[in-house]
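Q: One line per chain: the protein sequences are A and B, in this order. Just so you know, the first sequence maps onto residues 0 to 369 in numbering that gives the first Met the number 0. Just so you know, the second sequence maps onto residues 0 to 369 in numbering that gives the first Met the number 0. Cβ atoms here follow ideal geometry from the backbone N, Cα and C, with glycine treated the same way.
There are 2 protein chains.
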Amino acid sequence: MTPENPTSRFATLPDTSEREATDLFHREEVQLALRNRGMPLEIMRYPVTPSGMHYLVIHFDIPDVNIDQWKLQVGGLVSQPLSLSLDDIKKRPARTMAVTMECAGNGRALLNPRVFSQPWFNEGIGTAEWTGTPLKGILEEAGLTDGAVNIVFSGADQGIQGEVLQVYQRSLNIAESMREEMMLVYEMNGQPLQPQHGYPLRLLVPGWYGMASVKWLDRIEAVEDQFQGYQMAKAYRYTQVREEPGEPVTLIRVRALMIPPGIPDTMSRVRWLTAGQQSLTGRAWAGRLGVSRVEVSVDDGSTWSEATLGEQVSTFAWREWSFVWNAVRGWHTLSVRATDTEENVQPIDQFWNAQGMGNNMAQRVRVLVE
Amino acid sequence: MTPENPTSRFATLPDTSEREATDLFHREEVQLALRNRGMPLEIMRYPVTPSGMHYLVIHFDIPDVNIDQWKLQVGGLVSQPLSLSLDDIKKRPARTMAVTMECAGNGRALLNPRVFSQPWFNEGIGTAEWTGTPLKGILEEAGLTDGAVNIVFSGADQGIQGEVLQVYQRSLNIAESMREEMMLVYEMNGQPLQPQHGYPLRLLVPGWYGMASVKWLDRIEAVEDQFQGYQMAKAYRYTQVREEPGEPVTLIRVRALMIPPGIPDTMSRVRWLTAGQQSLTGRAWAGRLGVSRVEVSVDDGSTWSEATLGEQVSTFAWREWSFVWNAVRGWHTLSVRATDTEENVQPIDQFWNAQGMGNNMAQRVRVLVE
Numbered sequence: 000m001t002p003e004n005p006t007s008r009f010a011t012l013p014d015t016s017e018r019e020a021t022d023l024f025h026r027e028e029v030q031l032a033l034r035n036r037g038m039p040l041e042i043m044r045y046p047v048t049p050s051g052m053h054y055l056v057i058h059f060d061i062p063d064v065n066i067d068q069w070k071l072q073v074g075g076l077v078s079q080p081l082s083l084s085l086d087d088i089k090k091r092p093a094r095t096m097a098v099t100m101e102c103a104g105n106g107r108a109l110l111n112p113r114v115f116s117q118p119w120f121n122e123g124i125g126t127a128e129w130t131g132t133p134l135k136g137i138l139e140e141a142g143l144t145d146g147a148v149n150i151v152f153s154g155a156d157q158g159i160q161g162e163v164l165q166v167y168q169r170s171l172n173i174a175e176s177m178r179e180e181m182m183l184v185y186e187m188n189g190q191p192l193q194p195q196h197g198y199p200l201r202l203l204v205p206g207w208y209g210m211a212s213v214k215w216l217d218r219i220e221a222v223e224d225q226f227q228g229y230q231m232a233k234a235y236r237y238t239q240v241r242e243e244p245g246e247p248v249t250l251i252r253v254r255a256l257m258i259p260p261g262i263p264d265t266m267s268r269v270r271w272l273t274a275g276q277q278s279l280t281g282r283a284w285a286g287r288l289g290v291s292r293v294e295v296s297v298d299d300g301s302t303w304s305e306a307t308l309g310e311q312v313s314t315f316a317w318r319e320w321s322f323v324w325n326a327v328r329g330w331h332t333l334s335v336r337a338t339d340t341e342e343n344v345q346p347i348d349q350f351w352n353a354q355g356m357g358n359n360m361a362q363r364v365r366v367l368v369e
Numbered sequence: 000m001t002p003e004n005p006t007s008r009f010a011t012l013p014d015t016s017e018r019e020a021t022d023l024f025h026r027e028e029v030q031l032a033l034r035n036r037g038m039p040l041e042i043m044r045y046p047v048t049p050s051g052m053h054y055l056v057i058h059f060d061i062p063d064v065n066i067d068q069w070k071l072q073v074g075g076l077v078s079q080p081l082s083l084s085l086d087d088i089k090k091r092p093a094r095t096m097a098v099t100m101e102c103a104g105n106g107r108a109l110l111n112p113r114v115f116s117q118p119w120f121n122e123g124i125g126t127a128e129w130t131g132t133p134l135k136g137i138l139e140e141a142g143l144t145d146g147a148v149n150i151v152f153s154g155a156d157q158g159i160q161g162e163v164l165q166v167y168q169r170s171l172n173i174a175e176s177m178r179e180e181m182m183l184v185y186e187m188n189g190q191p192l193q194p195q196h197g198y199p200l201r202l203l204v205p206g207w208y209g210m211a212s213v214k215w216l217d218r219i220e221a222v223e224d225q226f227q228g229y230q231m232a233k234a235y236r237y238t239q240v241r242e243e244p245g246e247p248v249t250l251i252r253v254r255a256l257m258i259p260p261g262i263p264d265t266m267s268r269v270r271w272l273t274a275g276q277q278s279l280t281g282r283a284w285a286g287r288l289g290v291s292r293v294e295v296s297v298d299d300g301s302t303w304s305e306a307t308l309g310e311q312v313s314t315f316a317w318r319e320w321s322f323v324w325n326a327v328r329g330w331h332t333l334s335v336r337a338t339d340t341e342e343n344v345q346p347i348d349q350f351w352n353a354q355g356m357g358n359n360m361a362q363r364v365r366v367l368v369e
C-alpha cells in the first residue's frame with residue numbers, strides 16, 4: 000500500500016520567482032493566518048464543533064476584561080438606560096441554540112487575482128451551541144424611543160484599521176435587532192466564553208456572517224442615523240474597486256463543504272485513497288435559509304450527482320450530506336455545491352470582489368486513487 | 000489621539016513581484032498555517048493558556064477514535080504485555096502538571112533564506128495543565144526485558160510525509176522514558192482532551208519540543224534497536240542540507256517572548272503607543288533548564304537592560320518577566336532575549352538550518368510611539 004509518490008513535487012517547493020502570483024502570499028497575510036484560526040475540515044464529522052476548533056477572527060488584540068468592573072451599557076435613544084453586570088444578564092431568560100458561523104472572507108484565498116487580507120481557503124467556519132439571553136428582551140426593557148433607527152454594538156477591542164483608530168463596532172437596524180434569534184451570549188458549548196470568543200459577552204447574529212456577532216460586547220446604543228463606522232462603511236462591503244461604497248455584506252451565502260476523503264499528504268494536503276466504494280460526507284448551510292439540494296462532482300465540475308441530505312442540526316446550523324463514490328484509479332478533482340431554498344446555487348467560478356467577501360465558489364479536492 | 004498613519008504602506012500591499020522572496024510564502028504553507036494554530040502573544044498574560052488558544056500542530060488528519068474499541072497496547076520487549084482501556088488508565092495514580100510546550104519549528108518563518116514548512120513566526124507555543132498517569136509506572140508494570148533500548152510511541156493518525164505512508168511515531172531511550180515527569184495524559188486544563196490535542200490519550204514529554212509528545216497514542220513498544228521511523232530519522236533533525244542525517248532535535252532551547260505593547264494595526268501587526276512609562280511583560284522558558292536572566296532592548300539589539308523575573312509557573316513551565324520602558328516618540332524596535340541556567344543566551348541572529356528547527360533568535364517588535 001505504498002502510494003505512487005503523489006507528493007514528489009512537494010519534496011522541495013519551487014523558488015518563489017517560478018510560481019504564479021496567485022500561489023504566493025505576503026508575510027502580513029501569514030501573520031494573520033497564524034493569529035486567526037481555521038477549522039480543519041475533518042472536524043465536520045461532529046455536528047457541533049468541539050471547543051478550540053471553531054474558526055476564529057481577532058481583528059485587533061484579545062482584550063483583558065476585568066469582570067469585577069465590567070458592565071454592559073445600554074443607552075442612546077432609549078427611555079431607560081441600563082447598566083448590567085454579567086450576573087444580571089445571566090439571571091435573564093436563557094436560551095441555547097446551535098448556530099453555524101462563517102467568516103465573510105471565507106474563500107478569499109481562492110480568488111484570482113488575489114485579495115490581500117486574512118487568507119481563508121474554506122476553513123473559516125464552525126458550529127457551536129451558544130447560550131445567552133435574547134437581545135429583544137434587553138431592548139424592550141430599555142425602551143427604544145421613536146427616533147431610533149439603528150442599534151450600534153461596540154466591543155472592548157481596540158486597534159488601527161484602514162488608518163482609523165477604533166473599537167470594533169457594528170450596527171443592525173431595528174427590525175433585525177428585534178428578531179427572536181438575536182442573542183447576547185455568555186456560554187459556548189456549555190462553558191463560559193473563552194477570551195478569544197468574546198468573554199464575557201458576545202452578540203450572536205445567526206444567519207449573518209461572523210463580523211456581525213460583535214465580541215467583547217460592552218455597549219449597545221440606539222441611534223437615529225445609519226451608523227457609518229469603519230466596519231460598516233469601509234470593511235465588509237461588496238465592491239469591484241476598494242474606493243466604491245458598494246453593497247453591505249450581510250447574510251451567509253449558501254455553501255457545502257466536503258471532508259477531504261482518504262489519507263492526506265502533510266505538505267500539499269492532496270489526498271490518497273484506495274479504489275472502490277468511498278463514502279463522501281460533509282455539511283451544507285445557507286445562513287437564514289435552508290439547504291434544498293447538495294450535488295457532488297467527481298470530474299471537476301463537468302457532471303453533478305445528487306447527494307443524500309441528513310438532519311439539520313438546528314434552524315441556523317448546517318446539515319449533513321453524504322454520497323457514495325465508486326472510486327477508480329487515477330487523479331480526480333472532487334467538488335460539492337449546495338442550493339438554498341430560494342434556488343441560489345453555489346457557483347463553480349469565483350465570486351470575485353475587491354475585499355474578497357462571500358466567495359462561495361464550490362470547493363475542489365484533489366485526490367489520487369490507487 | 001489619531002496616529003500619524005503608521006499603516007499607510009499596508010493600505011495596499013505591493014505586487015508580489017516587487018517583494019523580497021523572504022516576504023513571500025507558498026500556498027501550501029498558508030494551508031498549513033490555517034490548519035495548525037498559533038497562540039496570539041497577548042495570551043501570555045495568562046500563566047496557563049486558556050483552552051482553545053494553545054498552539055496546535057496536526058501532521059496528518061485528526062483521527063476519529065471510537066472510545067468503545069480503543070485500547071492502549073503496551074508490548075515488544077516486555078515480560079507482561081498490557082492492553083488498557085481509558086478507564087483502566089484513569090484508575091492509575093494521577094498527577095497534574097503545568098508544562099510549556101513549543102513547536103520545534105517555532106521561528107521558522109523568520110529564517111533567511113526561507114525554509115518551506117509550517118511557517119511559524121513566534122506563536123507556536125502554549126502552557127497547559129495536563130493530567131495523567133506517569134509513564135514509568137506503566138513501563139514497570141509491563142516489565143522491560145534486558146534487550147530493550149528504546150521505547151516507540153505510535154499515534155492513530157496516518158498520512159504521507161516525505162513520500163512515506165506512516166502513522167505518527169516517535170521514540171525515547173529507556174533513561175528518558177523512565178524520568179519522573181513523562182506522562183500519559185487524558186486531561187488538559189481540567190477537561191477531557193479535545194480531539195485536536197490527542198483524545199483519548201497523549202504522551203507528554205516535558206522539556207522536549209512538542210513533536211515528542213505523541214498525540215492519539217495507542218501503542219507503546221519496547222525495541223532493541225534505535226528506532227528509524229520517519230519522524231526520528233528524517234524529520235526533526237538539525238542539518239545544513241536536507242540529505243545529511245544531522246543531529247536529532249530534542250530539548251526546547253531557551254526563549255523569551257514579549258506581549259506586543261500598545262495597540263495593533265490589523266494588517267501589519269505594527270504597534271502604536273503613547274509616550275511615557277510603558278510596562279513591557281512576557282514569558283521566558285528553557286525546556287528542562289531554568290531561566291536565569293531576561294534582557295530587553297529598545298534599540299534593535301544595540302544595548303540590553305535586565306528585566307525583572309517573576310514566578311515560574313512550574314518546573315517545566317514558563318516564568319513571567321517585566322520591564323518598565325520610558326517610551327519616547329518615534330519608531331522603535333523592541334527585543335527580548337533570555338539566558339538559561341547553563342548560560343546559553345538566545346541569539347540575536349538567526350539559527351539557520353535546513354528544516355527550520357529550534358530557531359530561537361530574539362523576537363523583534365516594531366512600534367510607533369506618539
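1. Which residues in chain B sit within 9 Å of Pro199(A), going by Cβ to Cβ distance?
2. Name, please, each residue of chain A whose Cβ falls closer than 8 Å to the Cβ of His58(B).
3. Would you report the Cα separation of Glu242(B) and Met210(B), rounded to the nearest angstrom?
4. Under DSSP, the alpha helix (DSSP H) around Ser176(B) begins and ends at which residues?
5. Can you give the Cα-Cα distance for His58(B) and Leu367(B), rounded to whole angstroms?
6. Decide yes or no for the touch test of the stretch 312-327 of chain B against the stretch 262-278 of chain B: beta carbon pairs closer than 8 Å, at least 3 of them.
7. Can you look up Ile124(A) in the DSSP assignment and give me helix, strand or coil?
8. For Glu122(B), is the classification buried or exposed, using 16 other Cβ atoms within 10 angstroms of its Cβ as the cut-off for buried?
9. How big is the Cα-Cα spacing for Asn65(B) and His196(B)?
10. At which residues does the beta strand (DSSP E) containing Ala97(A) begin and terminate?
11. In chain order, what residues of the same chain have a beta carbon less than 7 Å from the beta carbon of Phe226(A), not counting five sequence neighbours either side?
12. Return the residue from the list Arg292(A), Gly286(A), Gly142(A) that minimises the CA-CA distance to Ala103(A).
13. I'd like the list of long-range same chain contacts for Val364(A), defined as Cβ closer than 8 Å, with 5 residues on each side in sequence excluded.
14. For a quick check, are the C-beta atoms of Leu183(A) and Ile137(A) less than 8 Å apart?
15. Quick one: give me the first and last residue of the alpha helix (DSSP H) that Ala221(B) is part of.
16. Given a cut-off of 8 Å, decide if His25(A) and Arg18(B) are closer than it, judged by their beta-carbon atoms.
17. Using DSSP bridges, identify the partner residues of Leu288(B).
18. In its own chain, which residues sit with a C-beta less than 7 Å from the C-beta of Ser278(A), not counting the 5 before and 5 after it?
19. Counting only the same chain and skipping the five closest in sequence on each side, list residues whose C-beta sits under 6 Å from that of Leu351(B).
20. Cutting at 6 Å between CB atoms, please list the residues of its own chain near Ile347(A), excluding the five before and the five after it.
21. Note down the Cα distance separating Arg236(B) from Thr15(A), rounded to an integer number of angstroms.
22. How would you label Ile173(B), buried or exposed, when you count the other beta carbons within 10 angstroms and need 16 or more for buried?
23. Taking beta-carbon pairs under 8 Å, can you tell me which members of the stretch 289-300 of chain A lie near chain B?
24. From the DSSP secondary-structure annotation, give me the bridge partner or partners of Gln349(B).
25. For Pro340(B), which residues in the same chain have their Cβ closer than 6 Å to its Cβ, ignoring the five residues on either side in sequence?
26. Starting from Gly136(A) and walking both ways along the alpha helix (DSSP H), at which residues does that stretch end?
27. Does Pro247(A) pass the burial test, meaning 16 or more other C-beta atoms within 10 Å, or should it be called exposed?
28. To the nearest angstrom, how far is it from the Cα of Asp264(B) to the Cα of Ser304(A)?
29. So for Leu23(A), helix, strand or coil by DSSP?
30. Below 9 Å between beta carbons is the criterion; list the residues of the stretch 149-181 of chain A that meet it against any residue of chain B, in chain order.
31. Rounded to the nearest angstrom, what separates Glu101(A) and Ser176(A) at their Cα positions?
32. Please confirm whether Ala316(B) and Leu33(A) have their CB atoms less than 8 Å apart.
33. Kindly indicate if chain B contains any beta-carbon less than 8 Å away from that of Pro191(A).
34. For Met0(A), name the three-state secondary structure that DSSP assigns.
35. Distance cutoff 8 Å, beta carbons only. Does Trp271(B) sit that close to anything in chain A?
36. Starting from the beta carbon of Ile61(B), find every residue of chain A whose beta carbon is closer than 8 Å, and list them in chain order.
A: According to the structure data:
1. Here the premise fails: no neighbours, minimum Cβ distance about 13 Å.
2. What His58(B) touches in chain A, judged by beta-carbon distance under 8 Å, is Thr265, going in chain order.
3. Distance between the alpha carbons of Glu242(B) and Met210(B) is about 21 Å.
4. Where Ser176(B) is concerned, the enclosing alpha helix (DSSP H) stretches over 173-176.
5. CA-CA distance, His58(B) to Leu367(B), rounds to 38 Å.
6. Enough Cβ pairs lie closer than 8 Å, so yes.
7. Ile124(A) falls in the strand class under three-state DSSP.
8. Per the 10 Å Cβ criterion, buried.
9. Cα to Cα, Asn65(B) sits roughly 16 Å from His196(B).
10. That run of the beta strand (DSSP E) goes 94-101.
11. The beta carbon of Phe226(A) is closer than 7 Å to those of Asn149, Val151, Ser170 in its chain, skipping five residues each way along the sequence.
12. The shortest C-alpha separation from Ala103(A) is found at Gly286(A).
13. Once the five neighbours on either side are set aside, the close Cβ partners of Val364(A) are Met257, Pro259, Pro260, Arg270, Thr332, Leu333, Ser334.
14. Yes, the Cβ-Cβ distance between Leu183(A) and Ile137(A) is below 8 Å.
15. Premise fails: Ala221(B) lies in the beta strand (DSSP E), 216-222, not in any alpha helix (DSSP H).
16. Annotated as proximal: Arg18(B) and His25(A), with beta-carbon spacing under 8 Å.
17. According to DSSP, Leu288(B) bridges with Ala285(B).
18. Excluding residues within five positions, the ones whose Cβ falls inside 7 Å are Ser321, Val323.
19. Here the sequence assigns Trp to residue 351(B), which means Leu is not the residue at that position. Correct list, in chain order: Leu110.
20. Cβ within range, chain order: Gly300, Ala361.
21. Roughly 25 Å between the two C-alpha positions.
22. By the neighbour-count rule (16 or more Cβ atoms within 10 Å), Ile173(B) is not buried but exposed.
23. Taking 8 Å as the Cβ-Cβ cut-off against chain B, none of the residues of the stretch 289-300 of chain A qualify.
24. Looking at the DSSP assignment, Gln349(B) forms no beta bridge with any residue, so it has no partner.
25. Reading off the sequence, residue 340(B) comes out as Thr, not Pro. The answer, listed in chain order, is Leu288, Gly289, Ser291.
26. 134-141 is the extent of the alpha helix (DSSP H) around Gly136(A).
27. Classification of Pro247(A): exposed, given that the 10 Å Cβ count is below 16.
28. About 46 Å.
29. In the structure shown, Leu23(A) sits in a strand (DSSP, three-state: E or B).
30. Here the close residues are Gln157, Gly158, Ile159, Gln160, Gly161, Glu162, Val163, Leu164.
31. So the two alpha carbons sit approximately 19 Å from each other.
32. In this structure, Ala316(B) keeps its C-beta atom at 8 Å or more from the C-beta atom of Leu33(A).
33. No, because no Cβ of chain B sits closer than 8 Å to the Cβ of Pro191(A).
34. Note that Met0(A) scores 39 on pLDDT, short of 50, meaning its location in the model is unreliable; the coordinates nonetheless yield the value given after this. Shown here, Met0(A) sits in coil according to DSSP, grouped into three states, outside any helix or strand.
35. Flagged as an interface residue toward chain A: Trp271(B), by a C-beta distance shorter than 8 Å.
36. Within chain A, the residues near Ile61(B) are Pro39, Glu41, Ile42.
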